[in-house]
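Chains as they are written, first to last, in this note's numbering: chain U, 1 to 75; chain P, 76 to 242.
Where is the CB? At the ideal position from N, CA and C, for every residue including glycine.
Because the structure is a prediction, the values reported are computed rather than measured.
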Amino acid sequence: MTIITTRRVLFIVVISAALGSGCATVEPWQRGRLADPAMVFDADGNQVAYTTHWQEAREASSGGYGVQSGGCGCK
Amino acid sequence: MHRGQRISFAVTVALVTLASAGSPAASARVAPNVFLQSADGSMVDSSTYRGKVVLVDFWATWCPPCKISFPALDSLYREYQPRGFEVLAVNLDEERRDADLFLAAHPHHLTVLFDPLGASPRAFGVKGMPSSFLIDKAGNIRFTHMGYSGNVDENYRREIAQLLAER
């Protein structure tokens with residue numbers, strides 16, 4: 001009996017957590033914090049651009065970043 | 076290019092042009108009446124500007140094109156102000172200090188108002204930053220602009236002149 005109740009409570013908690021969290025509408029004028037440079041995933045944009053450039057130029061990784069490339073390194 | 080492709084290309088071009096340029100409001104609607112905070116803390120009722128051509132611009136310091144448009148709008152204000160034109164630059168920064176730092180570095184003549192809680196952009200239906208709404212003397216929104224590039228300055232001039240010429 002206790003096990004069933006515990007499972008039921010656990011089930012309700014998990015479902016509530018799944019449904020209760022998540023999406024929030026962010027209006028255009030509320031994006032100040034999202035626009036902060038600290039919010040970017042990569043610390044150094046130039047470094048990422050450079051790394052992506054030479055990695056994309058390798059034949060095997062061609063298109064690996066979502067863009068087709070001929071492997072000539074001239075993109 | 077097939078005929079169907081040509082048509083869809085033309086439709087796409089037309090839509091992109093409409094979206095990027097200042098577009099006449101589909102059907103002129105009455106500008107919402109909003110209350111905004113002035114620099115000295117007093118509240119300003121937007122309806123007090125009725126009878127003038129008013130450009131309401133929503134901007135914030137975290138938005139790069141907003142910062143580019145600010146001096147351009149100030150220039151438009153100085154050009155047309157003698158003819159009854161007003162610019163209400165509504166700052167939407169959550170932190171007033173951010174706006175104050177920017178304003179201190181950019182001398183201006185236009186009226187800057189503050190709405191950190193964002194009630195006024197909601198009332199106007201702002202869809203992107205920056206957004207500006209050109210309101211005629213009767214209080215109707217006649218033209219809207221979303222985003223900013225220097226290319227639209229002439230559009231602003233034409234629209235402002237048109238609205239100023241109306242009785």
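For residue i, the first and last residue of its enclosing beta strand (DSSP E)
i, result
"residue 217 (chain P)", "215-221"
"residue 112 (chain P)", "110-113"
"residue 164 (chain P)", "160-166"
"residue 175 (chain P)", "First-last for residue 175 (chain P): 171-180, but that is the alpha helix (DSSP H), not the beta strand (DSSP E)."
"residue 224 (chain P)", "Per DSSP, residue 224 (chain P) belongs to no beta strand (DSSP E) and is neither H nor E."
Residues that DSSP places opposite residue i in a beta bridge
i, result
"residue 4 (chain U)", "Per DSSP, none; premise fails for residue 4 (chain U)."
"residue 186 (chain P)", "P:163"
"residue 118 (chain P)", "P:112"
"residue 210 (chain P)", "P:129 and P:216"
"residue 104 (chain P)", "P:216"
Assigned secondary structure, residue i (DSSP; H/G/I helix, E/B strand, else coil)
i, result
"residue 133 (chain P)", "strand"
"residue 28 (chain U)", "helix"
"residue 19 (chain U)", "helix"
"residue 9 (chain U)", "helix"
"residue 205 (chain P)", "coil"
"residue 141 (chain P)", "helix"
"residue 42 (chain U)", "coil"
"residue 94 (chain P)", "Only weak support is given to the placement of residue 94 (chain P): the predicted model assigns it a pLDDT of 44, under 50, and the value that follows is read from those uncertain coordinates. Helix."
"residue 191 (chain P)", "coil"
"residue 88 (chain P)", "Reliability of the predicted coordinates at residue 88 (chain P) is poor, the pLDDT of 47 falling under 50, and no value is obtained from them."
"residue 152 (chain P)", "helix"
Residue span of the alpha helix (DSSP H) that contains residue i, given as start and end
i, result
"residue 239 (chain P)", "228-240"
"residue 45 (chain U)", "45-56"
"residue 36 (chain U)", "That residue, residue 36 (chain U), is in no alpha helix (DSSP H); it is neither H nor E in DSSP."
"residue 196 (chain P)", "194-199"
CB-CB length for residue i against residue j, believed under 8 Å
i, j, result
"residue 111 (chain P)", "residue 189 (chain P)", "7 Å"
"residue 165 (chain P)", "residue 120 (chain P)", "So it is not a contact: roughly 14 Å between Cβ atoms."
"residue 155 (chain P)", "residue 216 (chain P)", "Going by Cβ atoms, the distance from residue 155 (chain P) to residue 216 (chain P) rounds to 18 Å, so no, they are not a contact pair."
"residue 209 (chain P)", "residue 130 (chain P)", "5 Å"
"residue 152 (chain P)", "residue 185 (chain P)", "4 Å"
"residue 32 (chain U)", "residue 137 (chain P)", "4 Å"
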